[in-house]
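Chains as they are written, first to last, in this note's numbering: chain A, 5 to 219; chain B, 1167 to 1564.
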C-alpha cells in the first residue's frame, strides 16, 4: 500500500487514461458497460439498476429491435414476455406512490446461452385498444407467452397464429392481471395495505417475566 | 391327402391371409387431464392418422392459481410462503431467486453461512427433483424397478430437509436477509438462537455417499437396459438453436449440447466456491436428457459434500427491519432450478408488497415446444418424449 502515497500526488483526476495502471481503479461494472453497448446497438435508452439491463424502445420498432438483438447481439434465448399495468387507480393492492402515466409496459427478456448476457426489452403501449406486433416470427417461443399476455392484459398481438386463451377456461370474461380487475376475496375483506401489518413477535417480548420496555 | 391344420397355426391364419393396405382413419385422441403419465393435469389433444400424430395441441391451465395476481396483495414475507408451491417437487429451489431479488432491491447482504445453507438445500432439492424423474420416467416406459431405488434415496434427502426446515416439500425456510434463525416452527422463546441441528451436517455427508451409490445402480438398471435404450435413443430430438429460441432451459437444453448452466454465471448463490462439471448431451434425444439428469445428481452430491466440508460459521440472517418495505425499483434474478431457468421480475413501488411480480417458470417454456416436438410421432413416443422433458404442472400453470 505504500506505493499509493507516491502516486497520489501525481494523479490529478480519476480519468487520466495513461496512468490508469497506477491509480486506484474504479471497479469495472459489467452490467453498466453492457447496457451502454446494448443501447447503442438497439438505439434505445438502457438502464442497469440492480444488475438488470433494461432497454426502452418505441413500440413501432418492436420487432425490428428483437431481430437486431437476436442477430447482432447474439441473444438467441427467449426467456419470457409479459406486461406491467401502470395505473393510478387500482382495485387490488396499493396504488403507486407517485403518479404514473397510464399505460401497459410490455417486457420481453432475451439472453444468450454462452455468457448469459441478459437484456429486457421494454416498450409502452396505450390502454385503449392495446396492440403490438407479434414476435413469433423472430422467436417461436413467444407464442405461448403472448397468448398469456393477451388473455391476462387484453393486449392483441398482430400476426400471432393462434391467439386463443391459454390458462383461463372458455367463456371467462375480463383480463385478470389488469389493475382494474378485482380479486373476489378482496371484495369481502379489503387489502389492509400500509395500515396494519404486525411485526413478528420478538424474542424479548415473548420471554415470560422479562421486563422489556415496549415501544 | 388332407393336411392336418396345426392348432397353433389357426390363430395366425387371419394375419397371413390379409395383407392389404390398412385404411387408417383420422382420429382425435384426448390424452386427458386425468392421466398417469402427463405429470399432472395436462391435456393433449392429439390429432392422429392411425398410430401416428400429425398435430398435438396441449391444453394447460387446469392448475392455474393466479400467483401473479395474488402477489399484488401480499407482503414479501407472505409471498415466500406461496412460491415454494410453484414447482412442488423441488420446493426449496423456488424460494431462493425471489429472496435474492428482494435482497438486491433492499441492498441487504446475506451472511455467508446462510448462503451456504441455502446452497446445500437447493442442491438437495435438485437431487430430490431429479430422483422423481429417475423414478417416474422409466415407470412410464414400463420399467417399475428404478422407482424403488430412487424414491428410497429421495426419502433420505427429504428427511434431511425436514430435519432442518420442518417441511419436506414446502420448507418456507428462507427469510429476507438469510435463512430462518432457528429450526422448528414458530418463534423461539430462548435467548440463544440455535443454529442447524447438530446431526444435520454429518448425516448429509452420509446421505450423499449413498446417493452416489444409487446413481450407479440406476445407471445399471435403466441405462443398461436394452428396451430402455430402444425407446429413448433417437426419440424426441431437439436441436439446440430451436430449443434456445423457444426458451427451453435446464437439463433439456444441456442435453441438446449447449453447455450453459446458470450456476456458473448468475451470482445468486456462491457456486464459484465449488468445483463441478456441467454434463451435456450430444444429440438432444430423450436418452441424452436422462443421462444428463443422472450425471447432475452426481455433481449435486459432490457440491453438497464440498459445501458441508467448507461451511463457514456466522449468523444466519442479516439485520432487517421487522416490517419489510422494499425500496422502489425493478430487478430480475434468475436461478438454475432443477427443471430449468426460473426467474422473478419484481416491480417494486416502495410498499409492503410488489406492484407486479412476474414469475418466469421453467416448465412453461419447456412445454411450449410440445406442438413442435410431438409432430409426426407414434403414440408410445408421445409418452416417452413427455416424460423426458420433466415438467410439473404447477410450474407450467403457476
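Ideal Cβ positions, reconstructed from N, Cα and C, are used throughout, including at glycine.
The beta-carbon of residue 1259 of chain B is placed no less than 7 angstroms from the nearest beta-carbon of chain A. Neighbours of residue 124 of chain A in chain B, taken as residues at a C-beta separation under 9 angstroms, are given in chain order as 1496, 1498, 1511. Counted as a single uninterrupted DSSP element, the stretch harbouring residue 1560 of chain B is not any beta strand (DSSP E) but the alpha helix (DSSP H) occupying residues 1559–1563. Just so you know, the alpha carbons of residue 1415 of chain B and residue 1530 of chain B end up roughly 10 angstroms apart. Its chain contains 95, 178, 179 as the residues whose beta carbon lies nearer than 7 angstroms to that of residue 185 of chain A, once the 5 sequence neighbours on both sides are disregarded; these appear in chain order.
Interface residue (Cβ-Cβ distance to chain A less than 7 angstroms): residue 1426 of chain B is classified as such. Interface annotation for the stretch 1237–1260 of chain B against chain A: 1238, 1239, 1241, criterion Cβ-Cβ distance under 8 angstroms.
Residue pairing of residue 1434 of chain B in beta bridges, as defined by DSSP: absent, with no partner found. At least 7 angstroms separates the beta-carbon of residue 1314 of chain B from that of residue 1383 of chain B. Under the Cβ criterion (8 angstroms, minimum of three pairs), the stretch 1258–1265 of chain B does not count as touching the stretch 1479–1491 of chain B.
Boundaries of the beta strand (DSSP E) harbouring residue 1224 of chain B: 1218–1225, taken from the DSSP string. The CB of residue 165 of chain A never comes closer than 8 angstroms to any CB in chain B; the least such distance is about 10 angstroms. Residue contact check for residue 97 of chain A against chain B: a CB pair falls below 7 angstroms. Ranked by how close their Cα comes to the Cα of residue 1281 of chain B, the residues B/1344, B/1370, B/1381 have B/1344 in first place.
Under the Cβ distance rule, residue 35 of chain A does not count among the residues neighbouring chain B, no pair being separated by less than 7 angstroms. Cβ contact annotation for residue 1387 of chain B (same chain, cutoff 8 angstroms, sequence separation greater than five): 1304, 1309, 1311, 1312, 1315, in chain order. Around residue 1432 of chain B, the beta-carbon contacts reaching into chain A at under 8 angstroms are 120. When C-alpha distances from residue 126 of chain A are compared across A/89, A/150, A/112, the shortest belongs to A/112. Considering only B/1265, B/1220, B/1429, B/1409, the residue with the shortest C-alpha distance to residue 1421 of chain B is B/1409. Residues of chain B with a Cβ closer than 9 angstroms to the Cβ of residue 107 of chain A do not exist; the shortest Cβ-Cβ separation is about 13 angstroms. Fewer than three pairs of CB atoms, one per stretch, sit closer than 8 angstroms, so the stretch 1293–1304 of chain B makes no contact with the stretch 1523–1541 of chain B.
By the criterion of a C-beta distance shorter than 8 angstroms, residue 1385 of chain B is surrounded in its chain by 1460, once the five residues flanking it on both sides are discounted. Considering only B/1454, B/1435, B/1510, the residue with the shortest C-alpha distance to residue 1395 of chain B is B/1454. Each residue's CA atom was taken as its position, placing residue 1247 of chain B and residue 107 of chain A some 31 angstroms apart. Here residue 1495 of chain B is bridged, per DSSP, to B/1514.
For residue 1412 of chain B, the nearest CB of chain A lies under 7 angstroms from its own CB, placing it at the interface with that chain. Between residue 1389 of chain B and residue 1457 of chain B a beta carbon distance of about 7 angstroms is seen, short of the 8 angstroms cut, so the two are scored as contacting. Scanning chain A for C-beta atoms nearer than 7 angstroms to the C-beta of residue 1233 of chain B yields nothing, as the closest lies near 11 angstroms away. Here the C-alpha atom of residue 1463 of chain B lies approximately 20 angstroms from the C-alpha atom of residue 1431 of chain B.
Interface flag for residue 1270 of chain B against chain A is set, since a Cβ pair is found closer than 7 angstroms. In the assembly as shown, residue 1500 of chain B is a buried residue. Its beta-carbon has 16 or more other beta-carbons within 10 Å.
Residue-level contact check: residue 88 of chain A touches chain B, since one or more beta carbons of chain B fall below 7 angstroms from its beta carbon. Interface annotation, residue 1230 of chain B: in contact with chain A, CB-CB separation under 7 angstroms. Residue-level contact check: residue 1524 of chain B touches chain A, since one or more beta carbons of chain A fall below 7 angstroms from its beta carbon. Annotation: residue 1381 of chain B to residue 1290 of chain B spans about 14 angstroms, alpha carbon to alpha carbon. Put simply, the CB of residue 103 of chain A is far from chain B, with every gap to its CB atoms at 7 angstroms or more.
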